[in-house]
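> Sharing a structure here in structure tokens format.
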Amino acid sequence: MGKYTFEQDFEGWKEFSALPIHERLPLFFREGRIYDVLFSQQFDRAFLDALYVLTNRIRRIAKSREGMLWLHGLHAHQRAMLYFVQPSTRTFLSFLNACHILGFHTSEIRDPQTSSEIKGESPEDSIRTFSSYVDLIIMRHPKEGFAEKTAWLLNVFSDRPVPVINAGSGRDQHPTQALLDVYTLQRSFEDRGGIDGKVIAMVGDLKRGRTVRSLSYLMKNYREVRILYAAPPAFQIGEDIKEFLCSQGISFEEHDSLESVLPEADAVYMTRIQDEHDVQGESQSEYAEFSLRREHLERMKPTAVIMHPLPRRGEIDVMVDKDPRAMYWRQERNGMWTRCALISMIFGSDETILEEGERFLR
Amino acid sequence: MGKYTFEQDFEGWKEFSALPIHERLPLFFREGRIYDVLFSQQFDRAFLDALYVLTNRIRRIAKSREGMLWLHGLHAHQRAMLYFVQPSTRTFLSFLNACHILGFHTSEIRDPQTSSEIKGESPEDSIRTFSSYVDLIIMRHPKEGFAEKTAWLLNVFSDRPVPVINAGSGRDQHPTQALLDVYTLQRSFEDRGGIDGKVIAMVGDLKRGRTVRSLSYLMKNYREVRILYAAPPAFQIGEDIKEFLCSQGISFEEHDSLESVLPEADAVYMTRIQDEHDVQGESQSEYAEFSLRREHLERMKPTAVIMHPLPRRGEIDVMVDKDPRAMYWRQERNGMWTRCALISMIFGSDETILEEGERFLR
Amino acid sequence: MGKYTFEQDFEGWKEFSALPIHERLPLFFREGRIYDVLFSQQFDRAFLDALYVLTNRIRRIAKSREGMLWLHGLHAHQRAMLYFVQPSTRTFLSFLNACHILGFHTSEIRDPQTSSEIKGESPEDSIRTFSSYVDLIIMRHPKEGFAEKTAWLLNVFSDRPVPVINAGSGRDQHPTQALLDVYTLQRSFEDRGGIDGKVIAMVGDLKRGRTVRSLSYLMKNYREVRILYAAPPAFQIGEDIKEFLCSQGISFEEHDSLESVLPEADAVYMTRIQDEHDVQGESQSEYAEFSLRREHLERMKPTAVIMHPLPRRGEIDVMVDKDPRAMYWRQERNGMWTRCALISMIFGSDETILEEGERFLR
């Protein structure tokens, strides 16, 4: 983006972006319906419950050829663009296939260098141009807050806005990852009263991991959840999260070993020690201790589930994959279904799915 | 393309390419219908009028879900390839979505390095290979004349030729950009007698800008148009264009300020000072003077339209975007619709659209 | 892949991969039907005959708009992923368009750098993730045996395996290239008793060429074929192939000139002297002697066919393209049709095509 030498000054953005989040949120809803999906703060219990009923429904409809073809018809008249200027194959493919399931025609930007930005165009203009061709923008961008700015711009400046879904921006927000994590918990505990009252262990690099932070926040939507954080002291969960949990009355414990959280946990959420941030490999030694191996399996509850946002490196031995409690591959696929449900909520096809989709259930 | 060390010698190409353009054109038409779209010289008034009637029709059909799905059916049995070995996200996405609206399955080449050219294949062989899988090739290539050579080759050598659309070749031709510019003028003046008799101001780098050159040429198809060229003296419109306008009896004026053309213009076509060609930043100072800002708006006719081929840098202040006369975002979207119309003309679905499409109009 | 520092140890893979090929093959078939397509050793005469009947049928159905739309419906409820981390535009586009003909929604990975591998994920995990979104994986990978390992892993470890098609792995296997070559022979000799009893000349770099090796192996499925190998002595066919042919009772001759094989050949299969492997350009002088030029055409049988796996450089003069015996462009297109047939066999839509597709034949 070497040629981009001026900052475009959109009147009103500075004021808007300085507002506290609860004053910004209403712009991203329309008629009581979520329109732009930008932060996990947009999700309350009613939303989550509705989303998961819908996700289950879509997943079941898709089991038959007839059901899948019916789903394809829902948005076959619409077009989505995936603007992924930060590499993320996994999230990209999950969204792309979700779009295909709902029938969208799709176009892709996956390399910032193919973009007009090299001609000196502002990223805001690029997005607005692209928005003029499609009905939905799904965006991953390295710059924090860029998805929100785009959504604001389209809502305020354009006479043809389209919804924006944040598929990860900077280190900050990745709201659909949080959705699929909670859905995986919900689905796993479906026959045991759902997430309320469960013990969730989170293991690994809790300090820097975006997913454990979001997941912790979303637990406020459930009753009597208890969180066990297991991490090397230098990688423990941040003070801000602990303050948040206290303010919400959510109980949590800090542990410094994996073993100590295994016996009690209903879910073990493993994460990666992000040693790409290391200067001198200081995580290497911790790495091994917070890895789940076959010998750990017998210490876990028979009903517990093992999750991981993936990609993994050594945190979970591949031989654990065969254990029926390993949910991380299903978790991936849940991401696709959750994203289908989210998109259909944005466009209001959720009601059609719940009403007319009935007939495809086996 | 380091390995490509021999030049393939196609018998007849040298002779063909040496012919004057009016002797080459017939090869690219079939049964009175445009087949390969290579130069703006292929467009006469009858063609432009027909194209714009069709564009309006498609745009209106697409407003309803039913209409859009009907359009998707027109070419659902066909496949298009977008061969964009020169980066151009904007034109690429416009064509891709146009293809999707008409129902084509699409495949993409967007990076010359993924091509077989690295194995030493000639570009002509690559294209001929790709043409064997699809029904339409849309091509952007850095080499001037390459689209024409490809079209010639397929017409003369192949027993299964497919149409070729030039989506920009070198600095020379970008015929569909010209189509969308003229369509935007046409649509803007629809209720005021069309383009005939209007005053069109073209502003910025007129010397090097491909779009203003093409647009000037196409004005020969309209009656009593007057062109006002506003540019720093060093960037004024070329002598060849002026000679052409004189020969066609089109009146024009040269101005050295933006302000002086604003009061009279029915359309203000802004372009970018292309300072990427500058050696020592000599355009910087001119840049500011030929930029449209909010204070200019009150000097323009209330009915005037503001256009820009985009991408822009500073030539139009973002706050101008909110003025109802700002047409450049609509101009982008017009590009998609115009390209739909063009493709349907090539394949003869235009008649179906005009006849059977009637029922989708509201 | 700099971050990928550990080798995942899947229990059982070492043992499986050490088995002789005939003991590994059964894993890749299901209920008598091919499931994973990995090696040309999976193709016997019955398979080849059935595949070509099906290919002919698909090709004929696709000639009409109605037929093509019907084909699109066969797999419209399914999704395929093309994972091409080694560049190959030609094979990529051939498969992609085959998928589109059968109605699959497609997603693409074409650049290893967009992959999660940069975050340290093992390639096996990446593929398993991607497999969770789709119904079919078509894979080109630089590492020999990687497609087989993937197929093994999905079959043995995943509770939701999907078929894997090898679209070229390392220098070893490219089974669908062999399929299209044999189909082109079959189709060319359709009215003359098929491949049995024909004389096939193979010309060029026979030592290093993967395609001539596979084609030679597959000739064991036909009766009384005679192979003429024409190559510079340093590039002659390998001893292992000659031993194989002897063991199968297939007769062959070695020639050191192109001219000497032309009069007798029913098919002349030209290949590229792969001088990208040359250190000092030692192939340059041989290059010219094993190139087919117009003056050679009159020495060939009037019924002979000229083939080439493409890309070519100088081995076939472009002016030969106009000769009706030049089959290499059709051979390309045959690749697309053969791949359609193969995919439909994997999924069992072959029976539908043979039974219900009847009505689209003209």
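If you're matching them up, the sequences are chains A, B and C in order.
Residue numbering for the first sequence follows our numbering, beginning at 177 and increasing consecutively.
Residue numbering for the second sequence follows our numbering, beginning at 177 and increasing consecutively.
Residue numbering for the third sequence follows our numbering, beginning at 177 and increasing consecutively.
The beta-carbon is built from N, C-alpha and C at its ideal position, and this holds for glycine as well.
1. Note down, in chain order, every chain B residue with its Cβ under 7 Å from the Cβ of C:Asp497.
2. Do B:Leu394 and B:Phe219 come within 8 Å of each other at the CB atom, strictly closer than that value?
3. Measuring straight from C-alpha to C-alpha, what distance separates C:Leu485 and C:Leu355?
4. Between which two residues does the alpha helix (DSSP H) containing C:Phe219 stretch?
5. Am I right that A:Met512 and A:Ile482 are in contact with their C-beta atoms under 8 Å? What's the rounded C-beta distance?
6. At the level of alpha carbons, what is the spacing between B:Leu362 and B:Lys374?
7. Check the Cβ-Cβ distances between C:Arg241 and every residue of chain B, and say whether any is below 8 Å.
8. Starting from C:Ala343 and walking both ways along the beta strand (DSSP E), at which residues does that stretch end?
9. Would you say C:Leu272 lies against chain B (beta-carbon separation less than 8 Å)?
10. Going by Cα to Cα distance, which pick from A:Ile426, A:Asp311, A:Glu474 and A:Phe186 is closest to B:Asn273?
11. So what's A:Val455 in DSSP terms, helix, strand or just coil?
12. Span of the alpha helix (DSSP H) holding C:Met512?
13. Could you compute how far the alpha carbon of C:Gln353 sits from the alpha carbon of C:Thr387?
14. Given 8 Å as the limit, is there contact between the stretch 523–531 of chain C and the stretch 248–260 of chain C, that is, 3 or more CB pairs closer than that?
15. With a threshold of 8 Å between beta-carbons, can C:Met521 be considered close to chain B, or not?
16. Determine the chain A residues that contact B:Arg488 at a beta-carbon separation under 8 Å, and present them in chain order.
17. Taking the beta carbon of B:Ser423 as the centre, do at least 16 other beta carbons fall within 10 Å, making it buried, or is it exposed?
18. Output the boundary residues of the alpha helix (DSSP H) element that contains C:Thr267.
19. Tell me where the alpha helix (DSSP H) around A:Glu242 begins and ends.
20. Shortest alpha-carbon distance to C:Phe192 belongs to which of C:Ala377, C:Ala327, C:Leu227 and C:Cys275?
21. Should B:Ile413 go down as buried or exposed, given a rule of 16 or more other Cβ atoms within 10 Å for buried?
22. Between A:Gly524 and chain B, is any beta-carbon pair separated by less than 8 Å?
23. To the nearest angstrom, report how far apart C:Phe223 and C:Leu230 are at their CA atoms.
24. Span of the alpha helix (DSSP H) holding A:Thr540?
25. C:Leu355 lies in the alpha helix (DSSP H); which residues open and close that run?
26. Say whether chain A places a C-beta atom closer than 8 Å to the C-beta of B:Arg509.
27. Can you tell me where the beta strand (DSSP E) holding B:Leu404 begins and where it ends?
28. Does A:Ala194 come out as helix, strand or coil in the three-state DSSP assignment?
29. Can a CB atom of chain B be found closer than 8 Å to the CB of A:Gly533?
30. Is the Cβ-Cβ distance between C:Leu329 and C:Val379 less than 8 Å?
31. Residues of chain F with a CB under 7 Å from the CB of B:Met512: which are they?
32. Which bits of chain B does A:Ala252 rub up against, with CB to CB less than 9 Å?
33. Anything in chain A within Cβ reach of B:Gly276, meaning under 8 Å, just list it in chain order.
34. Ignore the nearest five residues each way along the sequence and tell me which others in C:Arg233's own chain have a CB closer than 7 Å to its CB.
35. With H, G and I counted as helix, E and B as strand and the rest as coil, what does DSSP make of C:Ala323?
36. Any idea if B:Asp367 is buried or exposed, counting beta-carbon neighbours within 10 angstroms, 16 or more meaning buried?
Reading it off the structure:
1. The residue given as residue 497 of chain C occupies position 321 in the third sequence. Chain B residues near C:Asp497: Phe333.
2. On the second sequence, position 43 is the one that residue 219 of chain B refers to. On the second sequence, position 218 is the one that residue 394 of chain B refers to. Contact: yes.
3. Mapped onto the third sequence, residue 485 of chain C falls at position 309. Mapped onto the third sequence, residue 355 of chain C falls at position 179. Going by the sequence as given, residue 485 of chain C is Pro instead of Leu. In a straight line, the C-alpha of C:Pro485 is about 12 Å away from that of C:Leu355.
4. For the purposes of this step, residue 219 of chain C is taken as residue 43 along the third sequence, with counting starting at 1. That residue, C:Phe219, is in no alpha helix (DSSP H); it is neither H nor E in DSSP.
5. On the first sequence, position 336 is the one that residue 512 of chain A refers to. On the first sequence, position 306 is the one that residue 482 of chain A refers to. Contact doesn't hold; Cβ gap of about 20 Å is too wide.
6. Taking the second sequence and counting its residues from 1, one reaches residue 362 of chain B at position 186. Taking the second sequence and counting its residues from 1, one reaches residue 374 of chain B at position 198. In the sequence as presented, Leu is not what sits at residue 362 of chain B; that position holds Gln. Using only the alpha carbons, I get a separation of about 10 Å.
7. Reading the third sequence from its first residue, position 65 is the one you call residue 241 of chain C. Yes, its Cβ sits closer than 8 Å to a Cβ of chain B.
8. Counting from one through the third sequence, the residue named residue 343 of chain C turns up at place 167. First-last of the beta strand (DSSP E) with C:Ala343: Val340 to Ser345.
9. Taking the third sequence and counting its residues from 1, the one referred to as residue 272 of chain C is at position 96. At least one chain B Cβ lies under 8 Å of C:Leu272.
10. The residue given as residue 273 of chain B occupies position 97 in the second sequence. Considering only alpha carbons, the answer is A:Asp311.
11. Counting from one through the first sequence, the residue named residue 455 of chain A turns up at place 279. Summary for A:Val455: the model assigns pLDDT 47, below 50, so the residue's position carries little reliability; its value from the coordinates is reported in the next sentence. DSSP places A:Val455 in coil when its eight states are reduced to three.
12. Walking along the third sequence from the start, residue 512 of chain C turns up at place 336. Tyr504 to Phe523 is the span of the alpha helix (DSSP H), which, as asked, contains C:Met512.
13. Taking the third sequence and counting its residues from 1, the one referred to as residue 353 of chain C is at position 177. Taking the third sequence and counting its residues from 1, the one referred to as residue 387 of chain C is at position 211. C-alpha separation (whole angstroms): 7 Å.
14. yes
15. For the purposes of this step, residue 521 of chain C is identified with residue 345 of the third sequence, where counting begins at 1. No, C:Met521 lies away from the interface with chain B (no Cβ there is under 8 Å from its Cβ).
16. One-based indexing of the second sequence puts residue 488 of chain B at position 312. Going along chain A in sequence order, the residues near B:Arg488 (Cβ under 8 Å) are Glu297 and Asp301.
17. Here residue 423 of chain B refers to the residue found at position 247 when the second sequence is read from its first residue. Exposed: under 16 other Cβ atoms inside 10 Å.
18. Start at 1 with the first residue of the third sequence, and residue 267 of chain C comes out as number 91. From DSSP, the alpha helix (DSSP H) with C:Thr267 extends over Thr265 to Ile277.
19. Position 66 of the first sequence holds residue 242 of chain A. Run containing A:Glu242: Arg241 to Leu250, per the alpha helix (DSSP H) assignment.
20. Counting from one through the third sequence, the residue named residue 192 of chain C turns up at place 16. Cα-wise, what sits closest to C:Phe192 is C:Ala327.
21. Position 237 of the second sequence holds residue 413 of chain B. Buried is the call here.
22. The count along the first sequence starts at 1 and reaches residue 524 of chain A at position 348. With 8 Å as the cut-off, A:Gly524 does not count as an interface residue toward chain B.
23. Working through the third sequence from its first residue, we reach residue 223 of chain C at position 47. Working through the third sequence from its first residue, we reach residue 230 of chain C at position 54. Roughly 11 Å between the two C-alpha positions.
24. Residue 540 of chain A lies beyond the stretch modelled for chain A, which goes from 177 to 538, so this question has no answer here.
25. Here residue 355 of chain C corresponds to residue number 179 of the third sequence, with the count starting at 1. Run containing C:Leu355: Pro351 to Ser364, per the alpha helix (DSSP H) assignment.
26. Taking the first residue of the second sequence as 1, we reach residue 509 of chain B at position 333. Closer than 8 Å: yes.
27. Residue numbering aside, residue 404 of chain B sits at position 228 when the second sequence is read from its first letter. Run containing B:Leu404: Arg402 to Ala406, per the beta strand (DSSP E) assignment.
28. As a working note, residue 194 of chain A is residue 18 in the first sequence. Helix.
29. On the first sequence, position 357 is the one that residue 533 of chain A refers to. Not closer than 8 Å to any Cβ of chain B, the Cβ of A:Gly533 fails to qualify, so no.
30. Looking up residue 329 of chain C in the third sequence gives position 153. Looking up residue 379 of chain C in the third sequence gives position 203. No, the Cβ-Cβ distance between C:Leu329 and C:Val379 is not below 8 Å.
31. Any reference to chain F falls outside this structure, whose protein chains are A, B and C.
32. By 1-based counting over the first sequence, the position of residue 252 of chain A is 76. Within chain B, the residues near A:Ala252 are Arg241, Met244, Leu245 and His248.
33. Here the question's residue 276 of chain B lines up with position 100 in the second sequence. A small correction: the amino acid at residue 276 of chain B is His; Gly does not occupy that position in the sequence shown. Near B:His276 (Cβ distances below 8 Å), the residues of chain A are Arg255, His281 and Ser283.
34. For the purposes of this step, residue 233 of chain C is identified with residue 57 of the third sequence, where counting begins at 1. Closer than 7 Å at Cβ, skipping near neighbours: Ile529, Leu530 and Gly533.
35. Counting from one through the third sequence, the residue named residue 323 of chain C turns up at place 147. In this structure, C:Ala323 counts as helix in the three-state DSSP scheme.
36. What you label residue 367 of chain B is simply residue 191 of the second sequence in a count that begins at 1. Exposed, because fewer than 16 other Cβ atoms sit within 10 Å of the Cβ of B:Asp367.
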